[in-house]
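Residue numbers (my numbering): 11 to 71. Just so you know, even glycine gets a beta-carbon here, dropped at the ideal spot from N, CA and C. As C-alpha cells, the structure follows; a few thoughts come after it.
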C-alpha cells in the first residue's frame, strides 16, 4: 500500500479522482506520476500551493 501524504493532500483537491482510485487502487502509481508532473508544472492551479506540491513530490522520487 502506497501511503504518501503529499498524494493524499493532492487527491483532496480532486474528489472525483480520489473516488476513482478508491475503486481501482491499481491506478494509484500512474496517478501519482501524473499528479507529480501536474504539481511541478503548476499551470493548472492559481494558488501558490501547486509549486509547493511539486517541490514536495520531487523529494519522494
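Using the Cα positions of residue 23 and residue 33, report the straight-line distance between them to the nearest angstrom. Position 13 of the chain shown, counting from 1, holds the residue named residue 23. Position 23 of the chain shown, counting from 1, holds the residue named residue 33. Each residue's Cα considered, the two are about 18 Å apart.
What are the start and end residues of the alpha helix (DSSP H) that includes residue 25? Here residue 25 refers to the residue found at position 15 when the chain shown is read from its first residue. Unbroken alpha helix (DSSP H) run through residue 25: 25-33.
Rounded to whole angstroms, what is the Cα-Cα separation between residue 20 and residue 39? Your numbering for residue 20 matches position 10 in the chain shown. Your numbering for residue 39 matches position 29 in the chain shown. Computed Cα separation, rounded: 14 Å.
What separation, rounded to the nearest whole angstrom, lies between the Cα atoms of residue 41 and residue 15? By 1-based counting over the chain shown, the position of residue 41 is 31. By 1-based counting over the chain shown, the position of residue 15 is 5. Cα to Cα, residue 41 sits roughly 14 Å from residue 15.
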